[in-house]
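Residue numbers (this note's numbering), protein chains in the order written: chain A, 7 to 134; chain B, 326 to 674.
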């Protein structure tokens, strides 16, 4: 299971990649594999203020619907519109083209409360 | 947890296994979408050994089946099969079944895995007073389903029998990959295809031979999306002990001109709701979602999901008799317009 070292993770299988004063958010390779074929993504509205842990997007696979949670509090500043036409990008490239939204965190320091790659790996091992 | 004779083969093929009706079965091997489309475009192979098989035989086998099932079993010639239902005393159904006439006085009934014990007990109680023998062959029968428009061509390479002479709903004996099999030109995907009844010890050899010949292994995930797209009912969802088949698109199964167990109760029951097909503008409906007419809840989704051919969400839903459209389905708190659809949802052969 691919877990890049350049970003942070949540126990609910989101990743958060800092880029300047924003973070890009998506779901992990583990999560996309567990969901199976992603066929629909409900994106949040740009400008929405969100709290840490708030359900703000939905990824639907053939099997099931799964909430996506904000890894930190902040404002949604961009969403990946490509997912409306090609939701399968989440399966094909979960850490790249399959990103879901971009947040401007209220405080970048809150990212430190998330897991690093090693911590996420350990959390996964506890799950299986 | 029970395993089918193909359990080890599924693991070797890398299947993701799930518990279904007490059996460990493949949910998917690679991708539900890929497996779904393999069946629609070419041929897919399913392990459905969890299904139940009963043998009904004896002098009064036909009389008994006429009483126990809603369809007209007397129309079945030897070597033919029909879809039927086992009515209960309340106007609902104990199960939906497939009935195969094997010989003059011998029939095979295929029932849903989750209902094997319930169905057998029900049939046994109805059989009192009939000269008929009932045998549960579920444990000693493996069942494969080869489905898709290229299924016949693919299977032809593994058997000497001329399959072009075999029509939909024919049932016959043949050798497949050198093993004895009972074949039926039936299935649950809306495509052409065959179901292969095998001895458990022959199942893996035949399964592997069919894969070798080009069939794509398919799991329960694709089986469900295919049956939903084809607009077929799933017991426990569209049909149940409590729901009358007369309020569904499968009312044709019930033959009012003959006597059968539970007929009076079934005919006396008014339809307060009807089963409809819905296609959503956006989003994916799931079981239990509410159907709305304006703001008023008028029904519920019994099976919902994504149609890989339509690339849209589709649903079977019970809706109040007389409720008027346009309808919407409440998807995660948001009403989404839903158009009525004839069944099947997609054009099939």
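Each residue gets a CB set at the ideal place from its N, CA and C atoms; glycine is no exception.
Out of 515(B), 480(B), 380(B), the CA that lies nearest to the CA of residue 499(B) is found in 480(B).
In the DSSP assignment, residue 632(B) falls within the unbroken beta strand (DSSP E) covering 621 to 632. In the three-state scheme derived from DSSP, where H, G and I count as helix and E and B as strand, residue 591(B) is classed as helix. Between residue 628(B) and residue 43(A) the beta-carbon gap is near 18 Å, outside 8 Å, which marks them as no contact. Within the DSSP bridge table, the entry for residue 662(B) names 653(B) as partners.
Ranking 660(B), 608(B), 643(B), 533(B) by CA distance to the CA of residue 620(B) puts 660(B) first. Separation of residue 518(B) and residue 388(B) (C-alpha to C-alpha, rounded to the nearest whole angstrom) is 30 Å. The C-alpha of residue 369(B) is placed about 6 Å away from the C-alpha of residue 363(B).
By the CB criterion at 8 Å, residue 624(B) and residue 497(B) fall outside the cutoff. Contacts between residue 71(A) and chain B, judged by CB atoms closer than 8 Å, involve 609, 611, 657 in chain order.
Spanning the alpha carbons of residue 19(A) and residue 10(A) requires a straight line of approximately 13 Å.
In this structure, residue 656(B) keeps its C-beta atom at 8 Å or more from the C-beta atom of residue 642(B). In this chain, the alpha helix (DSSP H) harbouring residue 550(B) covers 545 to 554. For residue 392(B), the secondary structure class from DSSP, reduced to helix, strand or coil, is helix. Contact of residue 60(A) with chain B is not assigned, every C-beta pair being separated by 8 Å or more. Per DSSP, the unbroken alpha helix (DSSP H) holding residue 96(A) starts and ends at 95 to 98.
If you ignore the 5 residues before and after residue 343(B), its C-beta comes within less than 6 Å of the C-beta of 352, all in its own chain and listed in chain order.
Residue 52(A) sits exposed, since fewer than 16 C-beta atoms from the chains shown fall within 10 Å of its C-beta. In the three-state reduction of the DSSP assignment, residue 410(B) falls in the strand class, which pools E and B. In the DSSP assignment, residue 584(B) falls outside any alpha helix (DSSP H) and carries neither an H nor an E.
Cβ neighbours of residue 449(B) within its own chain (closer than 7 Å, five residues either side excluded): 459. Listed in chain order, the non-local C-beta contacts of residue 559(B) below 7 Å within the same chain comprise 552, 628, local neighbours out to five positions each way being set aside. Counting along the chain, no beta strand (DSSP E) covers residue 357(B); the unbroken alpha helix (DSSP H) around it starts and ends at 357 to 366.
In the three-state reduction of the DSSP assignment, residue 561(B) falls in the coil class, being assigned neither a helical nor a strand state.
When Cβ-Cβ separations below 8 Å define contact, residue 104(A) makes no contact with chain B.
Residue 544(B) places its beta carbon 8 Å or farther from that of residue 332(B).
Interface flag for residue 8(A) against chain B is unset, since no Cβ pair is found closer than 8 Å.
Here the alpha carbons of residue 658(B) and residue 75(A) stand approximately 17 Å from one another. DSSP places residue 441(B) inside the alpha helix (DSSP H), whose first and last residues are 441 to 451. In the DSSP annotation of this structure, the continuous segment of the beta strand (DSSP E) that includes residue 458(B) starts and ends at 458 to 461.
With contacts defined by Cβ atoms closer than 8 Å, residue 635(B) and residue 671(B) form a contacting pair.
With a beta-carbon spacing of about 7 Å, residue 462(B) and residue 379(B) fall inside the 8 Å limit used to define contacts. Contact between residue 45(A) and residue 67(A) holds, with the beta-carbon distance rounding to 6 Å and staying under 8 Å. Residue burial annotation: residue 412(B) is buried, with at least 16 other C-beta atoms found within 10 angstroms of its C-beta. Following the DSSP letters along the chain, one finds residue 91(A) inside the alpha helix (DSSP H) bounded by residues 88 to 91. Linking residue 27(A) to residue 61(A) through their CA atoms gives a straight-line distance of about 22 Å.
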